[in-house]
Amino acid sequence: MSNVMTHRDRAACVLNCGVPDRIPTFELEYQLAPLMFGHDFLYSHELNGLSQKEIDYKIEENANFMVEVYDKLDYSIIPMAFMTEDHVIATAKHIHRLTGGKVMLTHHGDGTFEIPDGEHMYDFVYRIADDPDGMHEEAEKKMKWAIERNKRLFDAGIESFILCADYCYNSGPFLSPKMFREYITPYLAEIIRQIREMGGFAIKHTDGNIMPILDQLMECRPHAIHSLDPMAGVDIAVVKKMTQEKGIAICGNVNCALMQTGTDEEVRESALYALKHGKPGGGYFFTTSNVPFRGLPAERYQMILDIWKEHRDY
Numbered sequence: 002m003s004n005v006m007t008h009r010d011r012a013a014c015v016l017n018c019g020v021p022d023r024i025p026t027f028e029l030e031y032q033l034a035p036l037m038f039g040h041d042f043l044y045s046h047e048l049n050g051l052s053q054k055e056i057d058y059k060i061e062e063n064a065n066f067m068v069e070v071y072d073k074l075d076y077s078i079i080p081m082a083f084m085t086e087d088h089v090i091a092t093a094k095h096i097h098r099l100t101g102g103k104v105m106l107t108h109h110g111d112g113t114f115e116i117p118d119g120e121h122m123y124d125f126v127y128r129i130a131d132d133p134d135g136m137h138e139e140a141e142k143k144m145k146w147a148i149e150r151n152k153r154l155f156d157a158g159i160e161s162f163i164l165c166a167d168y169c170y171n172s173g174p175f176l177s178p179k180m181f182r183e184y185i186t187p188y189l190a191e192i193i194r195q196i197r198e199m200g201g202f203a204i205k206h207t208d209g210n211i212m213p214i215l216d217q218l219m220e221c222r223p224h225a226i227h228s229l230d231p232m233a234g235v236d237i238a239v240v241k242k243m244t245q246e247k248g249i250a251i252c253g254n255v256n257c258a259l260m261q262t263g264t265d266e267e268v269r270e271s272a273l274y275a276l277k278h279g280k281p282g283g284g285y286f287f288t289t290s291n292v293p294f295r296g297l298p299a300e301r302y303q304m305i306l307d308i309w310k311e312h313r314d315y
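Converting from the sequence shown to my numbering requires adding 1 to each position, the first position being numbered 1.
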């Protein structure tokens, strides 16, 4: 393509499973700001006890910092993380003013059951066995809450939603495919339907081995699936063929474990494999297999960004 697209247009093109001028990138969260840019993003708890004037100043300052960071990283989608809803909305207004709406914004948008932590796993299992109707009532309540929150965020300029509920271990989903279809699929599908209806984009995130439930995830019609976890044996080459036929984009799947403990060559091979199989025919975001997390060597993340820049053009 001869015309250079804006970041926002590039992201929208890929989310519609099209072929942009170049492969875009973003991350679910970016946790390396202190290492790569000198300090961290603002967290809502840091605003506790401040006057409204002080809060407004810090939110605007943080918005400026976010635009600086994500411009240098060349992200097409800015993740609006670490803040409560009202602070996200205030930040989004500043970012749109600073960027002229040329970058897409995203925020967490899920409202389905996810893998319970160790303290609550037994309770979850017992409730499914003893009170299935009550579980459906809770699932519907969570779904409705997410839909209403997503509408408020969309009205504030948050155009895409990361549906960030993890369903899978490396061995497979925490519910059997049959139980997943009963307790998660219909509620996930409705959240996504509502996002589509208001003109937004839905990106479904889950780590782990998604293959036993990938058919159900695709039935829910997200615009994209993130993050295709190679540590759980998910092969981007296999997933690409399946999702491309359904008009669903993919995001991933550079191996985070290798980025932390592997050799430079292993990291390079992982990035090149993702690009080789994700790129053809469009509908692909270059991302890690989770997030650039605290403790990840900054030079490793810079390495994969440099590889992406070498191979991103169509």
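We put the CB at the ideal spot given by N, CA and C, even for glycine.
What does the alpha-carbon distance come out to for the pair residue i and residue j?
i, j, result
"Asp-230", "Glu-62", "35 Å"
"Ala-299", "Lys-247", "36 Å"
"Ala-1", "Val-5", "Given that the chain is displayed from residue 2 to residue 315, the structure contains no residue 1 and the question cannot be resolved."
"Ala-203", "Asn-49", "32 Å"
"Phe-287", "Asp-124", "38 Å"
"His-46", "Val-126", "33 Å"
"Ile-308", "Ile-24", "12 Å"
"Met-212", "Ala-250", "16 Å"
"Ser-3", "Leu-51", "Unreliable placement is indicated for Ser-3, whose pLDDT of 47 sits below 50; the coordinate value is still reported in the next sentence. Rounded to whole angstroms, Ser-3 to Leu-51 spans 50 Å at the Cα level."
"Arg-98", "Glu-149", "25 Å"
"Glu-30", "Asp-134", "35 Å"
"Gly-234", "Leu-273", "17 Å"
"Ile-192", "Ser-177", "21 Å"
"His-318", "Thr-186", "In the structure displayed, the chain extends from 2 to 315; residue 318 sits before or after that span and is not available."
"Gln-195", "Phe-162", "11 Å"
"Gly-201", "Pro-281", "25 Å"
"Asn-256", "Phe-294", "12 Å"
"Glu-266", "Thr-289", "16 Å"
"Asn-1", "Leu-16", "Because the chain spans 2 through 315 in this model, residue 1 falls outside it and cannot be assessed."
"Phe-83", "Ile-90", "12 Å"
"Asp-314", "Gly-112", "36 Å"
Have a look at the options and flag the residue whose alpha-carbon is nearest the alpha-carbon of residue i.
i, options, result
"Leu-74", "Ala-34, Asp-87, Gly-110 and His-227", "Ala-34"
"Phe-27", "Ala-275, Tyr-71 and His-97", "Tyr-71"
"Pro-223", "Lys-94, Tyr-188 and Ile-308", "Tyr-188"
"Cys-18", "Ala-258, Met-243, Cys-257 and Ser-271", "Met-243"
"Ile-237", "Ser-172, Asp-118, Arg-194 and Tyr-285", "Tyr-285"
"Pro-117", "His-109, Gly-135, Asp-167 and Asn-151", "Asp-167"
"Val-68", "Gly-201, His-8, Val-15 and Lys-54", "His-8"
"Gln-53", "Ile-78, His-40 and Asp-87", "Asp-87"
"Met-260", "Gln-303, Lys-280, His-206 and Lys-241", "Gln-303"
"Asn-151", "Glu-198, Ile-226 and Arg-269", "Glu-198"
"Val-239", "His-206, Ala-275 and Ile-79", "Ala-275"
"Ile-129", "Lys-103, Cys-165 and Phe-181", "Phe-181"
"Phe-114", "Gly-102, Phe-83, Gly-101 and Trp-146", "Trp-146"
"Gly-209", "Pro-80, Asn-291 and Thr-264", "Asn-291"
Please list the terminal residues of the continuous beta strand (DSSP E) segment that includes residue i.
i, result
"Met-105", "105-109"
"Ile-185", "Neither: Ile-185 is in no beta strand (DSSP E) and is coded neither H nor E."
"Ile-148", "First-last for Ile-148: 133-156, but that is the alpha helix (DSSP H), not the beta strand (DSSP E)."
"Ile-78", "78-80"
"Thr-288", "285-289"
Just list the residues that DSSP pairs residue i with in beta bridges.
i, result
"Ala-225", "Ile-204 and Ala-250"
"Cys-257", "DSSP output for Cys-257 lists no bridge partner at all."
"Asp-314", "Arg-23"
"Ser-161", "Thr-107 and Phe-202"
Using a C-beta cutoff of 8 Å, does residue i count as contacting chain C?
i, result
"Ile-251", "Here there is only one protein chain, and chain C is not present."
Would you give the residue range spanned by the alpha helix (DSSP H) that residue i belongs to?
i, result
"Pro-35", "34-38"
"Lys-59", "53-74"
- Three-pair Cβ contact test at 8 Å for the region 201-221 versus the region 126-141: Too few Cβ pairs lie closer than 8 Å, so no.
- Is it true that the region 87-94 meets the region 151-162, where meeting means three or more beta-carbon pairs spaced less than 8 Å apart? Three or more beta-carbon pairs drawn from the region 87-94 and the region 151-162 are found closer than 8 Å, and the two stretches are therefore classed as touching.
- Indicate whether the contact test is met: 3 or more Cβ pairs, each with one atom in the region 105-113 and one in the region 172-182, closer than 8 Å. No, the region 105-113 is not in contact with the region 172-182.
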